[in-house]
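S.K.:
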Amino acid sequence: MKSNQKKAWLFLAPTIIFVTFFSIYPILRAFVMSFQSGSLINLNWAGFSNYQYIFSDPEFWRAIKNTLLYALISVPVALAISIMLAWFIFSRVKHKSFFETTFFMPYVTSTIAIGIVFRYIFNGEYGMLNFVLKALHLPTPNWIDDPAMSLTTIIIFGVWTSLAFNIVILMGALRNIDPNYYTIADMYGASGTEKFWRITIPQLVPTIAFLLTMNIIAAFKIYTSVYALFNGQAGVGNSATTAVFYIYNKFQIVGTPGVAMACHSDFILDYYVCNILTT
Numbered sequence: 001m002k003s004n005q006k007k008a009w010l011f012l013a014p015t016i017i018f019v020t021f022f023s024i025y026p027i028l029r030a031f032v033m034s035f036q037s038g039s040l041i042n043l044n045w046a047g048f049s050n051y052q053y054i055f056s057d058p059e060f061w062r063a064i065k066n067t068l069l070y071a072l073i074s075v076p077v078a079l080a081i082s083i084m085l086a087w088f089i090f091s092r093v094k095h096k097s098f099f100e101t102t103f104f105m106p107y108v109t110s111t112i113a114i115g116i117v118f119r120y121i122f123n124g125e126y127g128m129l130n131f132v133l134k135a136l137h138l139p140t141p142n143w144i145d146d147p148a149m150s151l152t153t154i155i156i157f158g159v160w161t162s163l164a165f166n167i168v169i170l171m172g173a174l175r176n177i178d179p180n181y182y183t184i185a186d187m188y189g190a191s192g193t194e195k196f197w198r199i200t201i202p203q204l205v206p207t208i209a210f211l212l213t214m215n216i217i218a219a220f221k222i223y224t225s226v227y228a229l230f231n232g233q234a235g236v237g238n239s240a241t242t243a244v245f246y247i248y249n250k251f252q253i254v255g256t257p258g259v260a261m262a263c264h265s266d267f268i269l270d271y272y273v274c275n276i277l278t279t
């Protein structure tokens, strides 16, 4: 009713103001800054020079490539492992709450702290991972100091860190599946594999879609993992640089906010394109 419109706008006003100042305005401000050069307190109009710079910068394309590869590899792998582990815990393990708590602990732990631990695990000389690989007579690469292994290291770390959130959400979704489906399937002699693919997976589709979206968003924002694993750097020769790390480097270290915001604007476009393609 028209008489309630004013009240509705009044209730919506705090949210609208918050979103405008903390979401819409920063995006527009960053877009304007992408056409400016100079220091943050003395910006001058520079036209498309910042975009010309990033498009001719090999490091920018490496950052975009690493980010896309990280998202396209780590997200589906992490989801597949999470579904298998969640299904195994739900169907085979008795003390589910204990395992849920165990898996969820990394999610509430600082990524920097976990990264420091994994830096020792991935160490090429005395790391635990190479110790296990050596015992199994498998190759022992230098995960941290070899530029060719930098992206692989980030992907492994990213898959491990994303399991916590995925498994807890999937466990909640599994509990909401009507057990009568499985009872009827047992009456008709359905195997465990048939029940998984014909009952469990279809019922999990909304949850999987939600997790896919959340994981893609997190993958495109990857920065802390790189910072923690490579001790504040982007790997040897910037081999592990990502889009957000590139923005941070140009803005904070190099001191060229216009270049950083040009990358930011292009990165947002790439992000939405990837989201459209995956959905």
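Using full-length UniProt numbering, count along the sequence shown one by one with no gaps and you end on 279.
All C-beta atoms in this analysis are idealised placements derived from N, C-alpha and C, irrespective of residue type, glycine included.
1) Below 8 Å on the Cβ atoms is my guess for residue 224 versus residue 66; work out the distance and round it to an integer in Å.
2) When the Cα of residue 114 is compared with those of 49, 142 and 160, which residue comes out closest?
3) Does residue 294 pass the burial test, meaning 16 or more other C-beta atoms within 10 Å, or should it be called exposed?
4) Quick one: what does DSSP say residue 79 is sitting in, helix, strand or coil?
5) Assuming residue 219 contacts residue 75 (C-beta within less than 8 Å), just tell me the rounded distance between them.
6) Output needed for residue 112: all residues of its chain with C-beta closer than 7 Å, excluding positions within five of it in sequence on either side, in chain order.
7) Can you have a look at residue 216 and say buried or exposed, based on whether 16 or more other CB atoms are within 10 angstroms of its CB?
8) Report the residue from 11, 39, 165 and 264 whose alpha carbon sits nearest the alpha carbon of residue 107.
9) Under 9 Å, do residue 259 and residue 53 count as touching if we go by C-beta distance?
10) Return the CA-CA distance between residue 197 and residue 129, expressed in angstroms with no decimal places.
11) Please state the DSSP three-state secondary structure of residue 172.
12) Determine the burial state of residue 82: buried for a count of at least 16 other Cβ atoms within 10 Å of its Cβ, exposed for fewer.
13) CA-CA distance, residue 116 and residue 42?
14) Within the continuous alpha helix (DSSP H) that includes residue 36, where are the two ends?
15) Tell me the rounded alpha-carbon separation between residue 201 and residue 80.
16) Could you tell me which uninterrupted alpha helix (DSSP H) segments, each at least 4 residues in length, are contained entirely in the segment 109-183, listed from first to last along the chain?
17) May I ask you to report which of helix, strand or coil DSSP gives residue 280?
18) Buried or exposed: which applies to residue 238, given that a residue is buried once 16 or more other Cβ atoms fall within 10 Å of its Cβ?
19) Under 8 Å Cβ to Cβ from residue 185, same chain only, skipping five residues before and after it: list those, please.
20) Round the Cβ separation of residue 296 and residue 71 to the nearest angstrom and send it over; I've been treating them as touching at under 8 Å.
21) To the nearest angstrom, how far is it from the Cα of residue 121 to the Cα of residue 231?
22) Which of helix, strand or coil does DSSP assign to residue 215?
23) Tell me residue 43's beta-bridge partners as DSSP assigns them.
24) Could you check what DSSP says for residue 244 in three-state terms: helix, strand or coil?
M.R.: This is what the structure gives:
1) Wrong, their Cβ atoms sit about 15 Å apart, outside the cutoff.
2) 160
3) Missing from the structure shown is residue 294; the chain here goes from 1 to 279 and no further.
4) helix
5) 6 Å
6) For residue 112, where only same-chain residues beyond five positions count, the Cβ hits under 7 Å are 224 and 228.
7) buried
8) 165
9) Contact: yes.
10) Take the alpha-carbon of residue 197 and the one of residue 129: they are about 34 Å apart.
11) helix
12) buried
13) 38 Å
14) First-last for residue 36: 36-39, but that is the beta strand (DSSP E), not the alpha helix (DSSP H).
15) Their backbone Cα atoms lie some 11 Å apart in a straight line.
16) Every alpha helix (DSSP H) of 4 residues or more that sits fully in the segment 109-183 is shown, in chain order, as 111-121, 128-135 and 150-175.
17) In this structure the chain extends from 1 to 279, so residue 280 is not present and cannot be described.
18) buried
19) Excluding positions up to five away in sequence, the list reads 194, 195, 198 and 199.
20) This structure does not reach residue 296, given that the chain is present from 1 up to 279, and the question cannot be answered.
21) In this structure, the alpha-carbon of residue 121 lies about 14 Å from that of residue 231.
22) helix
23) 38
24) helix
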